[in-house]
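Inspection log for the structure reproduced underneath, given as structure tokens.
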Amino acid sequence: MAGTVLEGRSLTQNARLRCDVCIVGSGAGGATAARVLARAGLSVVVLEAGGNNRKDHFTMQEHEVYPLLYQEAMRRATADLSIGILQGRTLGGGTVVNWTTSFRTPEHVLEHWRDRYGLTALTPAALEPHFAEMEGRLGVYEVPDEQINANNRKLWEGAGALGWERTRLRRNVRGCRQIGYCGMGCPFDAKQSALVTLLPDALAAGATVVTDCDIRRLRLAGGRVTAVEGHFHHPEAGDRGTGFDLVVEAEICIVAGGAINSPALLLRSELPDPHDRLGRRTFLHPVAAAIGHFADAISPWSGVPQSVSCHHFVRRPEGMGFFLEAAPLHPVLFAGAITAHGAQHREAMEHLGHTAASLAILVDGFDPSEPGGTVTLHDDGAPRLDYPHTPRLQEGIRAGIEASTRLLLAAGATRVLTPHEPPVSITRETELPRLAFAPTGPNLVRLFSAHQMGGCGMGADPAESVVNSDLCHHSIPNLYVMDGAVLPTSLGVNPQFTIYGLVHRAATQLALRANAVKMD
Amino acid sequence: MTLDRRTVLVRGLWGGLLLAAGGSTFLALRPSARVELPPEPLHALSPAHFAILLAVVTRCVPPPASTPATCRDTVVRLDTTLAQADARTRNDLLRLLGLLDNALAGFLLDGESTPFSRLDAAAQDAVLERWRLSRFALRRTGYQALRRLAATHFYADPAAQRAIGYPGPPVGVQ
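Line order of the protein sequences matches chains A and B. Here our numbering = 1-based position in the first sequence + 780. Here our numbering = 1-based position in the second sequence + 11.
What follows is the structure in structure tokens.
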């Protein structure tokens, strides 16, 4: 029986629902769980804070789509604004707005998790069928050479000239038209986001999806979650409430609101947290971007956004690792990202068509000196994220900016501008030592994050984690967290497929257990 | 101008004297600049806030050559954004604008007793530069908030996008 999509903003009365499984969040984690569990015959309700936005809403106008599709109208950031946070909020979550890069979890990361966090079940062999299933459903392919746009071509050529490791990426798209607007939602439904794949699968299996839900807390009784409570709102209008409430009673609750939101929901619900782990160890893959000006036209807004990467520095013995990727540059995103002021800002904008960007993406969370960020709550219950700029992070940022600068120069840039306040302008390699005198610290180097991880970390030891490797809460047996919040470290690769793989594995096992209980 | 600990302390003491003498009221209440307001009503900004933000946008993101996009239209868009933002975000931004234009705060920290919005362009740039590179993290945060809002709202205007050679979405897609 086909399920339904209810738009909370249109409802004119309070809603009471009952189901086997209530899933809070419809992104990579929530949608995967919904597909698996609905297909297993369980009654599933998926709740999404964002709107029921479809390809007709993806107008490719930044000022129109960012408020529709991103957390806090794309103004989400750490509390001190030192790291801007790009995170999706719409039906399908971050899968609707990501740049489609699809990596499996690196084996050395799984090894670290086994050795450090006791996650012995998460072997490459154990995850293989889950990755394969999701890659098949989501149309993952390796980008052919002819789809590498000028922006990514500079990264490819620069890495090649320097003898650095480089690789072509895999991505989840079918029939890509290469227009370059992935970050604003694909207007052709070519991107194989959850919106056009996993959620339709779940709906076909009978799931109910409710959008425009502001989930405030989980109701607990007898050591179990008994219901999910929230209210309906208008997500595109400052989350103004409609005046109507929602309660979903469920046998099983899956929290999948993404890193930052998931720990915030558990904090608002005042769950037991004897070891103070909720919200801790939030990782961001902090990004420092250098931009290169080229004599030839780049048109960095056009073409496949990410098609190559350079992982040459991902495991640096001398400090925090980083990897390099390109980024699509559209005017609003670019204007807010660069650190120029006044006439220098205007000049940088006027060069946009001849600009390529190299992102140095810092791999946080692997060294004992890295606590990561901490999610707490504002007085109104909204999440607050504080992220420390440790000496190790600052050293990594310096190294990453220098590598990006060298790469862009090697690719033929006539000038490179760094993300410092103010930007350092470098025109030749002999000027690189000037970077040592550039300022460091919060809001003296512009950073952002497109990958949010942690805050409800998984591990074998309840004293240092929130969920186990089955993604089940250590002390509440019918509560699961199935999203990027469970990652105990960052990854060194784009995280969407790690989330798909881990959640597909956990949801498959949960379906077996839940159906066994129903049959008893 | 550098701002060392002694400077802060001395200015703090001097500020205390002013406070005692009632001078603070005079400085704290020095009015913002008056500028021509848009014909349509403002939703979140007061006329003073509008004047302060107009100065911020003009200094942070001067328009590219030969574009009809204006900083005034940018502030109107910002007013709409703020009206739709959650109360905490809106109030934080309005307080930030008030602090930027507060003559007493400017005098105590920088020796500048004229509200930001009433300064000439070079002096406004100097104030923003002090905030941008301040040793006080809160001032750097404030500067970042202002410049990002200014820049993202200015380049939300299709006319500004065309002026820098951005073609916009491919024709005929929707």
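For every residue, glycine included, the Cβ atom is placed at its ideal position computed from N, Cα and C.
In the three-state scheme derived from DSSP, where H, G and I count as helix and E and B as strand, D800 (chain A) is classed as strand. Here DSSP, grouped into helix, strand and coil, assigns P1213 (chain A) to helix. Around the Cβ of L1173 (chain A), a 10 Å sphere holds 16 or more other Cβ atoms; the residue is buried.
With a threshold of 8 Å between beta carbons, G176 (chain B) makes contact with chain A. In terms of beta-carbon proximity, T91 (chain B) stays away from the interface with chain A, with every pair separated by 8 Å or more. Remark: C-beta atoms of E1244 (chain A) and P1219 (chain A) do not approach each other more closely than 8 Å. Using a Cβ distance threshold of 8 Å, S1089 (chain A) and F1103 (chain A) count as a contacting pair. Under the 8 Å criterion on CB atoms, D136 (chain B) is classed as interfacial with respect to chain A. A133 (chain B) does not reach chain A, its nearest Cβ partner there being about 11 Å away, counting only Cβ pairs nearer than 7 Å. Only residues of its own chain outside the window of five on either side were considered, and among them T875, Q1276, I1279, Y1280 have a CB closer than 6 Å to the CB of A808 (chain A), listed in chain order. Look at N1041 (chain A) here: in three-state DSSP terms it is helix. The beta carbon of C71 (chain B) falls within 8 Å of a beta carbon belonging to chain A, placing the residue at that interface. The Cβ atoms of V804 (chain A) and G1037 (chain A) sit closer than 8 Å to each other. Assigned with DSSP and collapsed to three states, M1238 (chain A) falls in strand. Just measuring C-alpha positions, the residue of A:P847, A:A941, A:L979, A:V953 sitting nearest R815 (chain A) is A:L979. In the structure shown, Y961 (chain A) falls within a coil segment according to DSSP collapsed to helix, strand and coil.
Here P1066 (chain A) carries a coil assignment [DSSP, helix/strand/coil].
Contact of R1126 (chain A) with chain B is assigned, a C-beta pair being separated by under 8 Å. For V1028 (chain A), the enclosing beta strand (DSSP E) covers residues 1020-1035. About 15 Å separates the beta carbon of L827 (chain A) from that of D800 (chain A), a gap too long to meet the 8 Å contact definition. Distance from the CA of I63 (chain B) to the CA of D84 (chain B), rounded to the nearest whole angstrom, comes to 14 Å.
Pairing M1100 (chain A) with D1166 (chain A) gives a Cβ-Cβ distance that is not under 8 Å. Taking the Cα of H60 (chain B) as reference, the smallest distance to any Cα among B:D168, B:A148, B:L107 is reached at B:L107.
A contact is defined here as three or more CB-CB pairs under 8 Å, and the region 926-946 of chain A fails this definition with respect to the region 828-847 of chain A.
In the three-state reduction of the DSSP assignment, H1013 (chain A) falls in the strand class, which pools E and B. Neighbourhood of Y961 (chain A) in chain B, by CB distance below 8 Å: P180, in chain order.
By the neighbour-count definition (other C-beta atoms within 10 Å, threshold 16), P1066 (chain A) is a buried residue. When DSSP states are grouped into helix, strand and coil, P75 (chain B) belongs to the coil group. The beta carbon of V67 (chain B) sits closer than 6 Å to those of L157, A161, all from its chain and outside the five residues before and after it, given in chain order. In summary, the residues of the region 1007-1018 of chain A whose CB is separated from some CB of chain B by less than 7 Å are A1017, G1018, in the order they occur in the chain.
Following the DSSP letters along the chain, one finds V824 (chain A) inside the beta strand (DSSP E) bounded by residues 824-827.
Within the model, the alpha-carbon separation for D860 (chain A) versus L105 (chain B) is close to 17 Å.
For A96 (chain B), the residues of chain A that pass the 9 Å Cβ criterion are E852, A853, R855, G1018, in the order they occur in the chain. The residues T880, S882, L918, G919, V920, Q972, in chain order, have a CB closer than 6 Å to that of N952 (chain A) in the same chain once the five nearest residues on each side in sequence are set aside. Here DSSP, grouped into helix, strand and coil, assigns C82 (chain B) to helix.
The residues A1070, I1181, V1204, in chain order, have a CB closer than 6 Å to that of T1198 (chain A) in the same chain once the five nearest residues on each side in sequence are set aside.
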